[in-house]
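Data block below; observations after.
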Amino acid sequence: MSLRPRLRVRAPLSALRPSFGAPRARLARYSSSTSGSDSSASSGSLVPYLLIGSIGGGTALVVKDQLDKWAKGPASKSDAHNEPAPPSAAETKAEPGIKPYANAEECKAAIEELRAALPSEGAVRTDPKLLQTYGHSDNSYHPDSPHAVIVRPANTEDVVNIVNIARKYRMPVTPYSGATSLEGHYAGFSTGSICIDMGLMNKIIEVHENDADLVCQPAAKWEDINAYLKEQGLPLFFPLDPGPGATIGGMIGTGCSGTNAVRYGTARAEWFLNLTVVLPNGEVIKTKQRARKSSTGFDTTKLFVGAEGTLGVVTEVTLRLAPLLPTKVAMAQFTDVGHAVSAVQEILQSPYGSHVQCVELLDDNMMSALNGTGLLEDPLPVQDSLFFKIQGAPEAVAATADLIQKIASSHGSERFAFAKTDEEADSLWMNRKYALNATLSSIPGSRCWTTDVCVPVSRLPELVYETKKDLANAGIKSTIVGHVGDGNFHSLMLFQDDSELPGINAASDRLVKRALALEGTCTGEHGVGVGKKKYLVKELGQSTVELMWTIKTAVDPLNIMNPGKLYPDVEKRP
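Just so you know, we're using the working numbering here: the sequence shown kicks off at 11 and counts up by one.
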């Protein structure tokens, strides 16, 4: 991977200057003057009155109108638990004082300006097939929506130019990189959107071995980063592992995690030390310095983690790295998922629990599917199975494996295996690695709807039992893969014909509602996108969702950053 000099671009926050002492604060209003004119505020536009606080090197904005509403008291219980309203024309309707989204002629004008701003060959594309491809996901079954234009920036300055043009015409912007999203995060917007393909910004910029951190661009893939560190002979790795092909930018956007979460946590932990972000007004901020810890105000880095591209475009990231430790693999099988989960809880709470890198649950249906592939040298019995990775010094790994075997046996496990060589470890872990392909091959020609939820670990057996029973009653063949150490599991539901999709969707809906009833979440690591936003009010409460929307509208008053994602489609309350 090549290195490039660090680039810093600064643009004024002129559109967001505060006017303190005003009798009443309200959302920033952008000029809606002549068609195609710049929508950012000028001295003559309806701008200000914002309460602004400096936080962590960026800017936080809190809307006083919303604070006044909060002062009247919490939302009613009925408000907090009602289903969100269905999508409406409100999403594309202009607010008073804000111009509507770009019409067809304005989109054409914006595209011409993009061509002038990004003159490199292939930097701006409008091929119909390509537009459709970028608005489509092979990984989900949410509605496709093509973009109006694809742009490929090479650096932060290019992104600034793109965002400024988007703001001028009020043309929505959707970041795109690994295309591994499962919840429709990069679908286009109905009025015509700019898809920012970050693929050229995939470089590792700096590695600080003594500080165990690394600076990279957002389209760098976690697998490539770890391969690069290995090639350089550095005993470090980036431990977040959401799945093949995932990029750092997408991992930040969804607040992802993976199999290593039981030991290393999620994207919401301290793995992203700082971010360089292009805000909707075109300003470039850096959320923090490179120090491992800081107590200077709000943690603005985390503001963008899980924001799904709705607050800005990330163009540079500093990652914290972990020591690369010796790793071994073990496996235990159980006749009952409840016994398996109880064993995991005891293992993780033991003195050796910190040596467990990951604990993966493959249910009996998954083990049956794996055996049917013919790919495994040593097929395992069809039982609920736990697969462990254990990290540490050889003595600690051996002691942890012994403890796992003893605890598993005390919870009814009759089969345990510990891989003593790398070859044995690869063979054993192959069961986990082939899970998705095995599921698909169990019904030739089938497709797979994958969804995830997460509950407190103690509630996981109940959720698994009820889900398997529900899917069997519905006649849906499925397998389950769970990150059992943190209560997160994936249901892989198979179908062969589009006519089956309503039933699959209904089963997914019931799964989410069961998880919420068990004090869980509608998504443990896939993110919200378009597929799960209808559950946010039920999960978080109306007031919490309104707080999220207040932050969104303060940072992005024109709602040009990936609109239609994350936030529920609800009319604003009076």
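Even glycine gets a Cβ: it sits at the ideal position worked out from N, Cα and C.
Cα-Cα separation, residue i to residue j
| i | j | result |
| --- | --- | --- |
| A120 | G132 | 17 Å |
| T257 | K118 | 31 Å |
| L371 | D412 | 19 Å |
| K548 | A317 | 19 Å |
| N441 | Q506 | 24 Å |
| P466 | F248 | 26 Å |
| E2 | I204 | Only positions 11 to 584 of the chain appear in the structure, and residue 2 is not among them; the question remains open. |
| R135 | I400 | 47 Å |
| H146 | I215 | 31 Å |
| P333 | K303 | 18 Å |
| K109 | G202 | 15 Å |
| A271 | N113 | 45 Å |
| G384 | S451 | 10 Å |
| T269 | A127 | 42 Å |
| T286 | D221 | 19 Å |
| E193 | E123 | 31 Å |
| L321 | V522 | 26 Å |
| L358 | V366 | 7 Å |
| I490 | R177 | 44 Å |
| L473 | V161 | 43 Å |
| S488 | M503 | 4 Å |
| T449 | S395 | 16 Å |
| T554 | D154 | 29 Å |
| A189 | M558 | 25 Å |
| G541 | A409 | 44 Å |
| I175 | T264 | 26 Å |
| Q415 | V315 | 38 Å |
| G348 | I561 | 41 Å |
| A379 | G455 | 14 Å |
| K479 | G551 | 29 Å |
| V225 | Q242 | 15 Å |
| L526 | K544 | 13 Å |
| S191 | H152 | 11 Å |
| Q393 | R425 | 10 Å |
The ligand MG heavy atom lying under 7 Å from the CB of residue i
| i | result |
| --- | --- |
| V465 | Absence of the ligand MG is noted for the structure shown, with no ligands found whatsoever. |
Of the residues the options, the one placed nearest residue i, counting alpha carbons only
| i | options | result |
| --- | --- | --- |
| G574 | V173, S200, R162 and L124 | S200 |
| S277 | M261, N270, V288 and P389 | Strictly speaking, residue 277 in this sequence is Ala, with Ser absent from that position. A277 has its Cα closest to that of M261, out of M261, N270, V288 and P389. |
| L246 | Y577, K523, V323 and R330 | R330 |
| W232 | F314, S150 and F282 | F282 |
| P156 | K139, A164 and T166 | K139 |
| P185 | D579, I570 and P578 | I570 |
| T531 | L511, D462 and N515 | D462 |
| V407 | G422, F428 and S423 | F428 |
| S267 | E280, P254, L250 and S378 | L250 |
| S437 | V339, D137, L210 and E326 | V339 |
| G209 | E424, S456, I417 and P163 | P163 |
| S514 | V538, L380, I486 and P391 | Going by the sequence as given, residue 514 is Ile instead of Ser. For the residues V538, L380, I486 and P391, the minimum Cα distance to I514 belongs to I486. |
| G492 | S456, A527 and A445 | A445 |
| V494 | H536, A516 and P471 | P471 |
| C368 | E434, G402, Y196 and R457 | G402 |
| E434 | L313, L386 and V538 | L386 |
Counted within 10 angstroms of its Cβ, other Cβ atoms place residue i as buried (16 or more) or exposed
| i | result |
| --- | --- |
| T563 | buried |
| G508 | One point to set straight first is that residue 508 is Asp, not Gly, in the sequence displayed. Burial call: exposed. |
| S420 | exposed |
| S130 | exposed |
| N483 | exposed |
| A237 | exposed |
| H218 | exposed |
| E116 | buried |
| Q227 | buried |
| D388 | exposed |
| K430 | exposed |
| G66 | The predicted model places G66 with a pLDDT of 29, which falls under 50 and marks its position as unreliable, so this point remains unresolved. |
| A230 | buried |
| P404 | exposed |
| L511 | exposed |
| Y577 | buried |
| S187 | buried |
| A516 | exposed |
I want to know whether the segment 287-304 touches the segment 358-365 - three or more CB-CB distances under 8 Å. no
Which ranges would you report for the beta strand (DSSP E) in the segment 125-174 if only whole runs of at least 3 residues count? 159-161
Return the chain-ordered ranges of every beta strand (DSSP E) run that is complete within the segment 293-354 and spans a minimum of 3 residues. 294-296, 323-330 and 337-344
If you scan the segment 229-296 from start to end, which runs of the beta strand (DSSP E) of 3 or more residues do you find wholly inside it? 282-288 and 294-296
List in chain order: all unbroken beta strand (DSSP E) runs of 3+ residues lying wholly within the segment 467-527. 488-493 and 498-505
Which runs of the beta strand (DSSP E), 3 residues or longer, sit entirely within the segment 406-440? 425-428
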